[in-house]
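In what follows, a structure is listed as structure tokens, so that the remarks can point back to it.
Residue numbers (this note's numbering): 2 to 481.
Following this line, the structure appears as structure tokens:
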């Protein structure tokens, strides 16, 4: 593999690894805030115990997500400096807001929440964890704004004198039509993950800690309800995102279905397909008539363009647009003249994204059924379902991002800059060395994360100790 392939692999590894922590952070922070608020209203000891218990798990996850996120941003200077130089004026703006506003907001108030038990007034204390959650949401918004620019560039112009893209309308970047559908989809996906984590842990601890079975039953049911509500949100926002994607990136929608021939109406959606390795020939498929037309256009009779027609139309269209803005054609003409992504990867990642998310919702339905009307026992086989449940939406998030990013290829910024022109001039050996180092480091961090997470999960919630207000002048202290 050359330096370009290795740089893409390294960014894929760091991104997928980092995003394992992001949805847990967003989802768990909301649930912890909800449990803490519920305790303030009901004054039920088990609610306080659950808030502190899941707060510990959230903090462990937050710390690892912080470390991996910093490394991920280093990639833009290490392996993608040509990209950073060309669009840094635009791409850097939302990332700066994320770091200076959202990150410091969530970090500061997380510290206040962790050290504020018994020291801060209760309402201010619970407000701190809500502000942490708001910070995670804002962080996601600004990062998605940067990514949405890569999917659908708006609010910019090309400066022939400097040879760089320049920001002309920051609000256009923040309100990009792709951003408006991607953000709620990612947010509901994160809530789906958070609900599945609480659901899975609650079910598992119902078996492992029978003396607190009633408390963990409540946690499992809270997680199940959040999972189902978030799952419905994911479906609704995903439908909206599919229609915008068809409009701004028709090749990605065609790749998601491996649709090579344009369908003027009633394009079917295949649930499962067996075909050639490159996806060009279909040998067997289970399809739903007209569903692809509805997903892409909102009408069961809508037209969906195929890969072959788009391969003929896109090069001339993109070249014409580049010439109109006086942009050098080297940025918009792939060296191998391939304007299509990896079709089998796009096809299967799209279906796996949907499938594992639906499986998590299925477990949530079963959990609510087995714990209905005060029941606090579950079948033994549900323990295995509990263990798998948190991983299902996590995998769904990963498959979703794999589809989103690889389906955009060969573009770094769609229609503006190809991936090949954005890479740094590093040697393949240098990129390989850094990739190996980071991968080994991430593997070590994964061991630490899993061990801490499992250790605190096995312990379960601490015993109930009502928080007491201390003297106002007593310093905050933390002891191991």
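Note that beta-carbon positions come from the ideal geometry of N, C-alpha and C, so glycine has one too. Just so we're clear, the structure is a prediction, and the values are computed from it rather than from any experiment.
Query	Result
Buried or exposed (CB count within 10 angstroms, at least 16 for buried), residue 438	exposed
Which residues DSSP lists as bridging residue 348, in chain order	DSSP, once it has assigned bridges, lists no residue as partnering residue 348.
DSSP three-state assignment for residue 166, whether helix, strand or coil	strand
Beta-carbon spacing of residue 28, residue 183 below 7 angstroms	no
Proximity of residue 30 and residue 137 at Cβ, strictly below 7 angstroms	yes
Beta-ladder partner(s) of residue 388, from DSSP	Answer is none; residue 388 lacks a bridge partner.
Under 7 angstroms between C-beta atoms of residue 224 and residue 200	yes
Per-residue burial, residue 50 [other beta carbons within 10 Å of its own, 16 or more giving buried]	buried
Simplified DSSP assignment, three categories, for residue 379	coil
Entirely enclosed alpha helix (DSSP H) segments - the region 150-197, minimum 4 residues	171-175
Limits of the alpha helix (DSSP H) - the one that residue 58 falls within	46-79
Whole-angstrom distance between residue 181 and residue 240, CA atom to CA atom	13 angstroms
Separation of residue 74 from residue 128, as counted between CA atoms	30 angstroms
Inter-residue Cα distance where the pair is residue 220 and residue 447	26 angstroms
Proximity winner among 359, 364, 163 and 177, relative to residue 155 (alpha-carbon distances)	177
For residue 413, the first and last residue of its enclosing beta strand (DSSP E)	412-414
First and last residue of the uninterrupted alpha helix (DSSP H) at residue 269	Run containing residue 269: none; DSSP gives neither H nor E here.
Segment contact, 8 angstroms Cβ cut-off, at least three pairs: the region 158-169 with the region 139-146	no
Environment of residue 9 [buried if 16+ CB atoms lie within 10 Å]	buried
Closest residue to residue 261 among 313, 298 and 233 (Cα-Cα distance)	313
From 412, 236 and 11, residue whose alpha carbon lies closest to that of residue 148	412
Simplified DSSP assignment, three categories, for residue 259	coil
Environment of residue 21 [buried if 16+ CB atoms lie within 10 Å]	buried
Contact test: residue 320 Cβ vs the ligand MG heavy atom, cutoff 6 angstroms	The model depicted lacks the ligand MG and carries no ligand whatsoever.
Which listed residue (245, 339 and 327) has its alpha carbon closest to that of residue 295	245
Beta-carbon separation (whole angstroms), residue 256 vs residue 342, contact threshold 8 angstroms	5 angstroms
Simplified DSSP assignment, three categories, for residue 288	strand
Sub-7 angstroms separation of residue 358 and residue 380 beta-carbons	no
Where residue 326 falls, given that 16 or more other Cβ within 10 Å makes a residue buried	exposed
For residue 417, the three-state DSSP class (helix, strand or coil)	coil
Residues near residue 3 in its chain [Cβ-Cβ closer than 6 angstroms; skip 5 each side]	429
Own chain residues within Cβ distance below 6 angstroms of residue 264, not counting five before or after	305
Residue 288 and residue 271 closer than 7 angstroms at C-beta	yes
4-residue-minimum alpha helix (DSSP H) runs that sit fully inside the region 291-323, ordered along the chain	292-298
Segment limits, alpha helix (DSSP H) that includes residue 340	Neither: residue 340 is in no alpha helix (DSSP H) and is coded neither H nor E.
Closest Cα partner of residue 35 within the set 130, 369 and 355	130
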